[in-house]
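Asker: Got a structure for you, written out below as structure tokens; questions coming shortly.
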Amino acid sequence: MSDYLVIVESPAKAKTIGKYLGKKYAVKASMGHVIDLPKSQMGVDVEDDYTPKYITIRGKGPILKELKTAAKKAKRVYLAADPDREGEAIAWHLAHSLNIDLASDCRVVFNEITKQAIKESFKHPRSINMNLVDAQQARRVLDRLVGYNISPLLWKKVKKGLSAGRVQSVAVKMIIDREKEIKEFQPEEYWTIDAKLIKDGEAFDAKFVSVNGKKTELKSEEDVKKVLRTISGDAFQIDTVKKRERRRNPVAPFTTSSLQQEAARKLNFRAKKTMMLAQQLYEGIDLGKEGTVGLITYMRTDSTRLSETAKQEAREYIQTHYGKEYLSTEENKKSKQNTNAQDAHEAIRPTSVVLDPKGVKAHLSRDQFRLYKLIWERMVASLMAPAVMDTMSVDLSNNGVTFKATGSKLKFHGFMKVYIEGNDDGKKEEDRLLPDLKEGETAKAESVEPKQHFTQPPPRYSEARLVKTMEELGIGRPSTYAPTLDTIQRRGYVALEDKRFVPTELGEIVLELIEEFFPEILNVDFTAKMETDLDSIEDGNRNWVKVIDNFYQDFQNRLKKAEEEMKQVEIQDEPAGEDCEKCGHEMVYKMGRYGKFMACSNFPDCRNTKPIVKDIGVKCPNCQEGNIVERKSKKRRLFYGCDRYPDCDFVSWDKPIARPCPKCESMLVEKKTKKGIQVQCTKCDYKEEQN
Numbered sequence: 001m002s003d004y005l006v007i008v009e010s011p012a013k014a015k016t017i018g019k020y021l022g023k024k025y026a027v028k029a030s031m032g033h034v035i036d037l038p039k040s041q042m043g044v045d046v047e048d049d050y051t052p053k054y055i056t057i058r059g060k061g062p063i064l065k066e067l068k069t070a071a072k073k074a075k076r077v078y079l080a081a082d083p084d085r086e087g088e089a090i091a092w093h094l095a096h097s098l099n100i101d102l103a104s105d106c107r108v109v110f111n112e113i114t115k116q117a118i119k120e121s122f123k124h125p126r127s128i129n130m131n132l133v134d135a136q137q138a139r140r141v142l143d144r145l146v147g148y149n150i151s152p153l154l155w156k157k158v159k160k161g162l163s164a165g166r167v168q169s170v171a172v173k174m175i176i177d178r179e180k181e182i183k184e185f186q187p188e189e190y191w192t193i194d195a196k197l198i199k200d201g202e203a204f205d206a207k208f209v210s211v212n213g214k215k216t217e218l219k220s221e222e223d224v225k226k227v228l229r230t231i232s233g234d235a236f237q238i239d240t241v242k243k244r245e246r247r248r249n250p251v252a253p254f255t256t257s258s259l260q261q262e263a264a265r266k267l268n269f270r271a272k273k274t275m276m277l278a279q280q281l282y283e284g285i286d287l288g289k290e291g292t293v294g295l296i297t298y299m300r301t302d303s304t305r306l307s308e309t310a311k312q313e314a315r316e317y318i319q320t321h322y323g324k325e326y327l328s329t330e331e332n333k334k335s336k337q338n339t340n341a342q343d344a345h346e347a348i349r350p351t352s353v354v355l356d357p358k359g360v361k362a363h364l365s366r367d368q369f370r371l372y373k374l375i376w377e378r379m380v381a382s383l384m385a386p387a388v389m390d391t392m393s394v395d396l397s398n399n400g401v402t403f404k405a406t407g408s409k410l411k412f413h414g415f416m417k418v419y420i421e422g423n424d425d426g427k428k429e430e431d432r433l434l435p436d437l438k439e440g441e442t443a444k445a446e447s448v449e450p451k452q453h454f455t456q457p458p459p460r461y462s463e464a465r466l467v468k469t470m471e472e473l474g475i476g477r478p479s480t481y482a483p484t485l486d487t488i489q490r491r492g493y494v495a496l497e498d499k500r501f502v503p504t505e506l507g508e509i510v511l512e513l514i515e516e517f518f519p520e521i522l523n524v525d526f527t528a529k530m531e532t533d534l535d536s537i538e539d540g541n542r543n544w545v546k547v548i549d550n551f552y553q554d555f556q557n558r559l560k561k562a563e564e565e566m567k568q569v570e571i572q573d574e575p576a577g578e579d580c581e582k583c584g585h586e587m588v589y590k591m592g593r594y595g596k597f598m599a600c601s602n603f604p605d606c607r608n609t610k611p612i613v614k615d616i617g618v619k620c621p622n623c624q625e626g627n628i629v630e631r632k633s634k635k636r637r638l639f640y641g642c643d644r645y646p647d648c649d650f651v652s653w654d655k656p657i658a659r660p661c662p663k664c665e666s667m668l669v670e671k672k673t674k675k676g677i678q679v680q681c682t683k684c685d686y687k688e689e690q691n
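Following this line, the structure appears as structure tokens:
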């Protein structure tokens, strides 16, 4: 019989920790929360200082019973839920249910699941931190007061199944506001002039910058012609040559937000997938002879801090594997950190830098490996020397018209030997070399080409960009980003098109109602301040009941007004332009969980539904009768198939185009690559240059 009982959240974590602690410890999993607010009602007594009405979660009774039995037999019980507010709340509920003294040293926390960290944490148990519990309670109560009051209103006035929440409503507003910006955007014309110059047989590019020393904007074709008329001949004099050394510093290790952003850019992972994989890496991977090991530290954090032990180990690794010159000579300086950061944990890092990606690859799934490699490389690079570039800037002139050429060459890789941060446009930094140019010499223009451009509207939000913006504005916290993005899509308020968020009609209707009757819910500053108030509760500087009361007094007045004045909204079905093949009634567009679809207007007498398909104007190469249409898989991935399905089973992930391969007459498709779209043949090796 074990002397001690340890309760964690997941079976995977229980298995890992059990191996480290030995036979005297029984490690069991609570499977997350066992006690929570009821789903069927708000579960908050507004009249009694907003007291939550906790119940045992349906289906968790047997788990709780098992834990109670085990607790009675154990000499001592340790509560080892995750090291955050939610984990503290789980520990608090368990302490109440198992009759554990809250003031006793029953709480054990660790930032990483390694033998050393686990052993050390059990040497320093502590009591339940009620400030953390209160901060979590305040968030839950606040979200219940908002969601369980506004949502029924929306059910009554709009349609069943809708919801409203503090953070999700602001996220939807950001997406809708961006769409309005795009629609209202007025493009402005502008021009550039690029020169291709030759010096000693070497070509290089230069861009127009000024006339007679004055920076000149080219707003029209006439402006361009005026500049071109000024240029005399093809000889450009080299006026100034500036050479300097530029240093580029590494970025900080990952926070939850920056991990989600970089995984989206480099690995094409959704935020939800990134967090699922990070959870697996944190809880432990079976490494064969070494047993189960947690590969990364806790993945919900807004800190970029690294422990001294981790830094020392990484520095030794860098010096051994890359050389002393690749080691940062400066003390790991504090990188610019989000002002809202709680800094409760370290950054997301490998638990041991010695466990390099190649060494553990055989034990990981493909996606686990890719994410671990990203985390490992980012942390190691953060402690490496800056990269050094030799840069060159050259001004060339012709009759008072000045062009500028710039070039750079990587002189020392530094941290870039290991890792280079991604960017949202996907462009890679490459050497732009210039020939050996000297002041007073001349270069010959091979061509001087004007190009017309138009300013572009701001881009729609990708998941990565939305998470970054939410973090910058102080909306939500590390644990809320992924669930928020998931919720607004499941509710049908927004949809993803080409990996960018677009609002739906339903989202716009709901937002308009919330904006009219509950404007503070959509106020970014209000939402950010509420997050700060929750942090103050965690720090012990604010009373959670007073924070809730300050919000609710005004909110309940708005609620009464909305009950009386909010009008019934009827979402009119949009005609689909075709009749139902089963009963002859008109087909209409409906909004479902996965976006729009076609349904018979004679519902419920006729339940015929069809997906919306888009004809791309290409004949099916398989049956030669049908047309190729766009479809979406269950996971919302776009693919192409014959409209005669199931009679014809042709499918393609790549978009077919309406011309045959000039080499073998087979089908050509547009294939997405890192550099853009490339046309390729499906049968032979024919390829066209990328756009």
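Oh and the sequence shown: position 239 is 239 in UniProt numbering, straight run, nothing missing. For glycine and all other residues, C-beta sits at the position ideal for the given N, C-alpha and C. These figures come from a predicted structure and were not determined experimentally.
#1: Is the number of C-beta pairs between the segment 458-478 and the segment 523-537 that are closer than 8 Å three or more?
#2: Which value, in whole angstroms, describes the spacing of the CA atoms of Gly147 and Ala171?
#3: Quick check: Lys156 and Val569, are their CB atoms within less than 8 Å of each other?
#4: Using DSSP's beta-bridge definition, name the partner residues of Trp191.
#5: Using only the alpha-carbon positions, how far apart do Ser232 and Asp395 sit?
#6: Count the other C-beta atoms from every protein chain shown that fall within 10 angstroms of the C-beta of Ile537, then say buried if there are 16 or more, exposed otherwise.
#7: Quick check: what's the CA-CA separation for Glu222 versus Ala445?
#8: One question on the structure: do Val133 and Ala89 come within less than 8 Å of each other, judged by their Cβ atoms?
#9: Here's the rule: buried if 16 or more other CB atoms are within 10 angstroms of the residue's CB, otherwise exposed. What is Trp653?
#10: To which residues of the same chain is Arg491 closer than 7 Å at the C-beta, ignoring the five residues directly before and after it?
#11: Is Gly161 near the ligand MG, going by C-beta to nearest heavy atom under 7 Å?
#12: Taking Cβ to Cβ, would you say Thr114 is nearer than 8 Å to Val293?
#13: Using a Cβ-Cβ cutoff of less than 8 Å, which residues in the same chain neighbour Glu439 once the five nearest sequence positions on both sides are dropped?
#14: Rounding to the nearest angstrom, what Cα-Cα distance links Tyr372 and Thr480 in this structure?
#15: Thinking C-alpha only, which one of Arg178, Ala12, Asp82 is nearest Val502?
#16: Using the C-alpha atoms, what's the distance from Gly422 back to Thr320?
#17: Out of Thr255, Val211, Pro350, Val209, which has the shortest C-alpha to C-alpha gap to Ile296?
#18: Which residue spans inside the segment 77-136 form an unbroken beta strand (DSSP E) run of at least 3?
#19: Considering only their Cβ atoms, is the gap separating Cys661 from Cys684 smaller than 8 Å?
#20: For Arg300 and Lys582, I'd like the C-alpha separation in whole angstroms.
#21: If you draw a straight line from the alpha carbon of Ser303 to that of Gln261, how long is it in whole angstroms?
#22: Alpha carbon to alpha carbon, how far is Lys663 from Leu327?
#23: Just verifying my parser: in three-state terms, what is the DSSP assignment at Ser652?
#24: Could you check the C-alpha separation between Thr255 and Glu66 for me, to the nearest Å?
#25: For Arg366, is the classification buried or exposed, using 16 other Cβ atoms within 10 angstroms of its Cβ as the cut-off for buried?
#26: Taking buried to mean at least 16 other C-beta atoms within 10 Å of its own C-beta, is Arg607 buried or exposed?
#27: Does DSSP classify Thr216 as helix, strand or coil?
#28: Identify which residue in Leu410, Thr406, Lys273 has its Cα closest to the Cα of Gln368.
#29: Where do the ends of the beta strand (DSSP E) carrying Tyr282 lie?
#30: For Ser232, which residues does DSSP report across the bridge?
#31: Once DSSP output is grouped into helix, strand and coil, what is the label at residue 721?
#32: Can you give the Cα-Cα distance for Glu625 and Val494, rounded to whole angstroms?
#33: Going by other Cβ atoms of all chains shown within 10 Å of its Cβ, with 16 needed for buried, is Ala278 buried or exposed?
#34: Measuring alpha carbon to alpha carbon, tell me which residue in Ser151, Val629, Ser40 is nearest Tyr645.
#35: Which same chain residues end up closer than 8 Å to Phe11 when comparing Cβ atoms and leaving out the 5 residues on each side of it in sequence?
#36: What's the C-alpha gap between Arg247 and Thr673?
Answerer: On the basis of the coordinates in this document:
#1: yes
#2: 15 Å
#3: no
#4: Gln452
#5: 17 Å
#6: buried
#7: 22 Å
#8: yes
#9: exposed
#10: Leu162, Ser163
#11: With respect to the ligand MG, the structure offers nothing, as it holds no ligand at all.
#12: yes
#13: Ile238, Asp239, Thr240, Val241
#14: 22 Å
#15: Arg178
#16: 27 Å
#17: Pro350
#18: none
#19: yes
#20: 52 Å
#21: 15 Å
#22: 53 Å
#23: strand
#24: 36 Å
#25: exposed
#26: exposed
#27: coil
#28: Lys273
#29: Run containing Tyr282: none in the beta strand (DSSP E); it sits in the alpha helix (DSSP H), 271-283.
#30: Answer by DSSP bridge pairing: none, since Ser232 is not bridged.
#31: The chain is shown only over 1 to 691; residue 721 falls outside these bounds and no answer can be derived.
#32: 36 Å
#33: buried
#34: Val629
#35: One point to set straight first is that residue 11 is Pro, not Phe, in the sequence displayed. Around Pro11: Ala29, Met31.
#36: 31 Å
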